[in-house]
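Heads up, the thing below is written out as structure tokens.
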Amino acid sequence: MRFAFLMSLIVSLIFCPLSLSLGFCAEATSADTDRNKTLSTVSASDPLVALTTSLQSKLVKIYGAGGPKGLESYQSGFIVSEAGHVVTSWSTVLDVNAIRVVTLDGRKDDAEIVGMDPETEIAVLKMKQGGTDFFNLKELDEPAVGNRVFGLSNLFGIATGDEAVSIQRGVIMALAPLSARRGRLKTLYQGRVLVLDVMTNNPGATGGAVVNLKGNFVGMLGKELRDEQTNIWLNYAIPADVVSSSVRRILEGKTNASPRSQQPVIAKRPHRLLGLGIVLIPDVLPKTPAFVDQVVPKSIAERSGLSANDLVLMLNDRRIDSRRSLEESLASIDSADSFTFLVQRVQELVRLDIRP
Amino acid sequence: MLQWKRIFCMPKCIDSQRFFKRYSSSCVLCTLLFVSFASPLIAETQPFPQPSAKVLDAQQKRIQAIAKATQSTIGVFGTDGQGGGSGVIISADGYALTNFHVTEPFGNRMRCGLSSGEMVEAVIVGIDPTGDLALIKLYGRDDFPAATIADSNTVRAGHWCFAAGNPFVLATNLVPTVTWGIVSGVHRYQYPSGTILEYTDCIQTDAAINPGNSGGPLYNSDGDLIGINGRCSFEKRGRVNVGVGYAISINQAKLFLGHLKSGRVVDHATLGFTVGSDSGRVVVSNILESSDAYRRGLRYGDEILRLDNREITTVNQLKNILGIFPSHSRLRLQFRQDAKIIDTWIRVTPLHSPEELEEIANGKPAEASPKETPKPNEKEVDDPLADRFEKRRGFANHYFNRHEIDRVLGLNSDAARWSKQPNQWKWSGKLRGEETVLSVILKDLAIESKFGDETRMIEATHGWGESVESKSLHCSALALQLWHQWRTIGPRNMGESTYLGTTTIIGTERPVDFTKVSVGEIDAFFYTASDNGRILLIEIEANNRVDRLEVYFDDYHKQGDLLVPARMETGFGLEARMICDLDSLVFASPTGGEL
Chain A
12 MRFAFLMSLI
22 VSLIFCPLSL
32 SLGFCAEATS
42 ADTDRNKTLS
52 TVSASDPLVA
62 LTTSLQSKLV
72 KIYGAGGPKG
82 LESYQSGFIV
92 SEAGHVVTSW
102 STVLDVNAIR
112 VVTLDGRKDD
122 AEIVGMDPET
132 EIAVLKMKQG
142 GTDFFNLKEL
152 DEPAVGNRVF
162 GLSNLFGIAT
172 GDEAVSIQRG
182 VIMALAPLSA
192 RRGRLKTLYQ
202 GRVLVLDVMT
212 NNPGATGGAV
222 VNLKGNFVGM
232 LGKELRDEQT
242 NIWLNYAIPA
252 DVVSSSVRRI
262 LEGKTNASPR
272 SQQPVIAKRP
282 HRLLGLGIVL
292 IPDVLPKTPA
302 FVDQVVPKSI
312 AERSGLSAND
322 LVLMLNDRRI
332 DSRRSLEESL
342 ASIDSADSFT
352 FLVQRVQELV
362 RLDIRP
Chain B
479 MLQWKRIFCM
489 PKCIDSQRFF
499 KRYSSSCVLC
509 TLLFVSFASP
519 LIAETQPFPQ
529 PSAKVLDAQQ
539 KRIQAIAKAT
549 QSTIGVFGTD
559 GQGGGSGVII
569 SADGYALTNF
579 HVTEPFGNRM
589 RCGLSSGEMV
599 EAVIVGIDPT
609 GDLALIKLYG
619 RDDFPAATIA
629 DSNTVRAGHW
639 CFAAGNPFVL
649 ATNLVPTVTW
659 GIVSGVHRYQ
669 YPSGTILEYT
679 DCIQTDAAIN
689 PGNSGGPLYN
699 SDGDLIGING
709 RCSFEKRGRV
719 NVGVGYAISI
729 NQAKLFLGHL
739 KSGRVVDHAT
749 LGFTVGSDSG
759 RVVVSNILES
769 SDAYRRGLRY
779 GDEILRLDNR
789 EITTVNQLKN
799 ILGIFPSHSR
809 LRLQFRQDAK
819 IIDTWIRVTP
829 LHSPEELEEI
839 ANGKPAEASP
849 KETPKPNEKE
859 VDDPLADRFE
869 KRRGFANHYF
879 NRHEIDRVLG
889 LNSDAARWSK
899 QPNQWKWSGK
909 LRGEETVLSV
919 ILKDLAIESK
929 FGDETRMIEA
939 THGWGESVES
949 KSLHCSALAL
959 QLWHQWRTIG
969 PRNMGESTYL
979 GTTTIIGTER
989 PVDFTKVSVG
999 EIDAFFYTAS
1009 DNGRILLIEI
1019 EANNRVDRLE
1029 VYFDDYHKQG
1039 DLLVPARMET
1049 GFGLEARMIC
1059 DLDSLVFASP
1069 TGGEL
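As you go down the protein sequences, you meet chains A and B in turn. At the far end of the first sequence sits residue 367, using this note's numbering, and the numbering has no gaps. At the far end of the second sequence sits residue 1073, using this note's numbering, and the numbering has no gaps.
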């Protein structure tokens, strides 16, 4: 009898995850039949073509800083307001004075950064001209596992001028927190994402839109990430509700991330670069990047983990777009106070607490 | 929870307590195995909603499309069975399309695997190194399962599609791998990346295209052929699919097919001018004075509006359209000059020099020193297709050029009768709408051309280039001479003759065969009907700086037992033509009577 008990215990232990996975399968199958209903209608005629065509004018191609291999100077974005607000991924591509945004009609617009949300790495741009067609971020569909979705982005920068961006089809495989993935991640956003079964997150795809069969926005394609343990590239999107609330916060001015949104307050005894032990590359350009050339041994900077070749992207919630903006921002912090740096180290984003 | 209970109960049902005691460890294993195998079975017993008829129909349609399409998909290997790409059969007699980069390492011979598991021998026919296309011919059957060819211009982003082929050379049984997806974009332009392979106007898909898929077909959801897969965006993720594959549109392949059948190293075209983008307009930034476009009036700074009836808004779009045409094509061009919009046709010339093309095709310049007589190698002697390959400069396989010329000549039903006609003749007729009488007489070594009182003597062999350059309408006489020679002695006895492929004549849709014959100082281009071999147009080119003489023949009728044209139109470039009604053709009697 003891054996039988042991047996059942073992079986139940082993079977537990199995039953869970079966449950998962069953869920997926019911979603599958749902999907098939729409699938048969799309393959019967061309509503999918109509859908694609109708969405194209909401997508934009974005060009900015970058160029060297592995650091693309282009990405994707989508229009979210009649006034011409564009949502995209906050990246080094946006580190230029005039961000070039190209709409489906081939029109080139120099857009400005309205703001960005460091938590989600989402940026909102504003084109000079409004967009007639846009995604409504106020009415959102709840994405579910098994949903048929389409990714629209200018991956690999394939489309130029008035050419339409690329469309890919996939299914939401899971709704899971990004932080649950094994290995170190090169992103700050660790929240819930739509995990996709299609290779959407390619160079230039970030900022692209994921839509459902109704053409409604369900997520924004994130940056290229690979799991460092398995070396697998992740294909995922930041869910629409997260994007939407992030965009709302940016538009309401609740994230203070624009480079010169406020007059800097000068602290009495401010931080200075040398005092911290930071040597930046010489200031030779109007917008010399805040790139760390050297870190003085045993300095505050070294103790806090800063190292040579780091690029300072943010100080607290303030975006640093040049050496000058870093100096200005430091000048507003008293040298007794701690602050946070967000730096780019090769391809990785690292957050550092700088404690005097 | 139902599943849970049932599985949980199973060990109890089949095993006794004693049994457990004895074989506890193996029992655990067995149970686990049973559980893992049984679970799908159990899942099946669950009440499952019957899918709607629409879903089942769609599924059935997909199964049929895949079944049909996989038959036409082939694996392409070297004669030693090594390497591997894909291809698609396009005719029952065994012509198949693949990528140039697939056939290149195999040289002139390859073996192809059909989805039935059959291995057949194949030989190279023609190559297009710039467009990355190759035509091969399979032997051993006359009922090869050919793909249904679609119109790729109707393909749109969002259409379902699927690729078939041999990715990673996985299929040891030769049954193609099918990957389903959608069309991600159309009319894509892909720059030559470190090579000359340029993908223009191509189809982008998220159906997985991997190494080994190259040269294989992309089908629409009906299983009809829309493209030839050949390229992917890879970048940093290694050589595996990342959701972006490109296929050469089948419409581009169709435009090249006739050319590829000629066994030549086929070339793409150049316009003779370059363009730049200027505030949303595409304008001419440089133009060669020797180009046909210049002769048609195009100048620096003019805005290009349409090419081949397609709107031009970007430089890429112009490259896209130009890229799908083989050299020697004549394309419709619309441009704006000052306030005037001009519609015209321009001839596009080869993109590469013959030397460049040879280098591309063979990897390096042709060896100058003559090789020793090759020792017959046993394998070559045994090659069942040894007689289907002929090496010649400028050709992938000259055998097929001979074959095509024979085919074109064989289309004429009265070929045998013409070959018996004496080579002394007189055509007479009238200029349309005028009283001017025209006659052209060939005697001995001169052609006498008479328009009313005006007479011109042209030597039968010399001075042709000069006559064409002078744009004299007496040049019609030259065309009549060439017309006769084509029918009596045939192109091979006239000069170096090359079948070029199929093209269209301005104002018509139907493809016609065209053959180039170098006669003395000029090149003559014969455009012949693809159904009956009648000569529809003869062009004479003196050099590339002047317009070709164009002589159109029409209204064929029977005179005796010979078919002759009743109408001849002569012109240069697109200038107004002289129209003649030809009344009679008289031959010198065999005894040598006066004409």
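Even glycine gets a Cβ: it sits at the ideal position worked out from N, Cα and C. Computed from a predicted model, the values in this text were never measured in an experiment.
Local Cβ density within 10 Å of residue i, reported as buried at 16 or more and exposed below that
i: Thr-933/B; result: exposed
i: His-962/B; result: buried
i: Leu-360/A; result: buried
i: Ile-819/B; result: exposed
i: Gly-708/B; result: buried
i: Ser-514/B; result: Here Ser-514/B scores only 47 on pLDDT, less than 50, and its place in the model should not be relied on; the value that follows carries that caveat. Classification of Ser-514/B: exposed, given that the 10 Å Cβ count is below 16.
i: Ile-1016/B; result: buried
i: Asp-476/B; result: Outside the displayed span of chain B (479 to 1073) sits residue 476/B, for which this structure offers no information.
i: Ser-349/A; result: exposed
i: Glu-1028/B; result: buried
i: Ser-54/A; result: Caution applies to Ser-54/A, whose pLDDT of 41 falls short of 50 and renders its modelled position unreliable; the value that the coordinates give is listed next. Ser-54/A is buried by the Cβ-count criterion.
i: Arg-366/A; result: exposed
i: Pro-1043/B; result: buried
i: Ile-261/A; result: buried
i: Leu-1060/B; result: buried
i: Val-295/A; result: exposed
i: Ile-541/B; result: exposed
Distance cut-off 6 Å: residue i Cβ against heavy atoms of the ligand HEM
i: Tyr-573/B; result: Ligands are entirely absent from the displayed structure, and the ligand HEM is therefore not among its contents.
Delimiting residues of the beta strand (DSSP E) encompassing residue i
i: Gln-355/A; result: 350-356
i: Arg-259/A; result: Arg-259/A -> not in any beta strand (DSSP E); alpha helix (DSSP H) instead, spanning 251-262.
i: Glu-1019/B; result: 1013-1019
i: Ser-763/B; result: 759-765
When the options are compared against residue i, the one with the closest alpha-carbon
i: Gln-795/B; options: Cys-680/B, Ile-967/B, Arg-1045/B; result: Cys-680/B
i: Val-354/A; options: Leu-337/A, Asp-345/A, Ser-100/A; result: Leu-337/A
i: Ala-641/B; options: Ile-552/B, Gly-659/B, Ala-624/B, Arg-634/B; result: Gly-659/B
i: Leu-285/A; options: Lys-279/A, Pro-300/A, Glu-263/A, Pro-308/A; result: Pro-308/A
i: Arg-788/B; options: Leu-923/B, Leu-800/B, Gln-537/B; result: Leu-800/B
i: Leu-62/A; options: Phe-161/A, Ala-301/A, Pro-281/A; result: Phe-161/A
i: Gln-1037/B; options: Gly-872/B, Trp-896/B, Gly-985/B; result: Trp-896/B
i: Ser-805/B; options: Thr-980/B, Phe-1004/B, Leu-592/B, Thr-632/B; result: Thr-980/B
i: Glu-130/A; options: Val-253/A, Ser-84/A, Gln-140/A; result: Val-253/A
i: Arg-634/B; options: Glu-150/A, Glu-123/A, Leu-59/A; result: Leu-59/A
i: Pro-188/A; options: Ala-301/A, Arg-180/A, Tyr-200/A; result: Tyr-200/A
i: Asp-304/A; options: Glu-339/A, Thr-114/A, Arg-334/A; result: Arg-334/A
i: Gly-126/A; options: Thr-143/A, Arg-329/A, Ser-318/A; result: Arg-329/A
i: Asn-577/B; options: Asp-786/B, Gly-585/B, Asp-571/B; result: Gly-585/B
Extent of the continuous alpha helix (DSSP H) run through residue i
i: Tyr-772/B; result: 770-773
i: Val-533/B; result: 531-550
i: Ala-731/B; result: 728-739
i: Phe-578/B; result: 578-581
i: Asp-606/B; result: Per DSSP, Asp-606/B belongs to no alpha helix (DSSP H); it is in the beta strand (DSSP E), 597-606.
i: Ser-945/B; result: 942-947
CB-CB length for residue i against residue j, believed under 8 Å
i: Gly-233/A; j: Val-204/A; result: 7 Å
i: Cys-1058/B; j: Leu-889/B; result: Going by Cβ atoms, the distance from Cys-1058/B to Leu-889/B rounds to 25 Å, so no, they are not a contact pair.
i: Ser-906/B; j: Ser-1062/B; result: 5 Å
i: Thr-678/B; j: Ile-802/B; result: 6 Å
i: Gly-218/A; j: Thr-99/A; result: 3 Å
i: Gln-668/B; j: Tyr-724/B; result: 6 Å
- Query: When the Cβ atoms of the segment 761-771 of chain B are set against those of the segment 724-735 of chain B, are three or more pairs found closer than 8 Å?
  - Reply: No, they do not touch.
- Query: For the 8 Å Cβ check, are there 3 or more pairs between the segment 237-255 of chain A and the segment 203-217 of chain A?
  - Reply: Yes, they touch.
- Message: So, does the segment 557-573 of chain B touch the segment 689-697 of chain B, judging by three or more C-beta pairs under 8 Å?
- Response: The segment 557-573 of chain B vs the segment 689-697 of chain B: in contact.
- Query: Does the segment 611-628 of chain B come close enough to the segment 648-662 of chain B to have 3 or more Cβ pairs within less than 8 Å?
  - Reply: Too few Cβ pairs lie closer than 8 Å, so no.
- Can you find at least 3 beta carbon pairs, one from the segment 861-878 of chain B and one from the segment 733-750 of chain B, that sit closer than 8 Å? Short answer: they touch.
- Query: Looking at C-beta atoms only, is the number of pairs between the segment 594-613 of chain B and the segment 522-538 of chain B that lie closer than 8 Å three or more?
  - Reply: As far as the Cβ criterion goes, the segment 594-613 of chain B does not touch the segment 522-538 of chain B, which means the pair count is below three.
- Would you call the segment 994-1001 of chain B and the segment 963-979 of chain B touching, i.e. three or more CB-CB distances under 8 Å? Cβ pair count under 8 Å is three or more, so yes.
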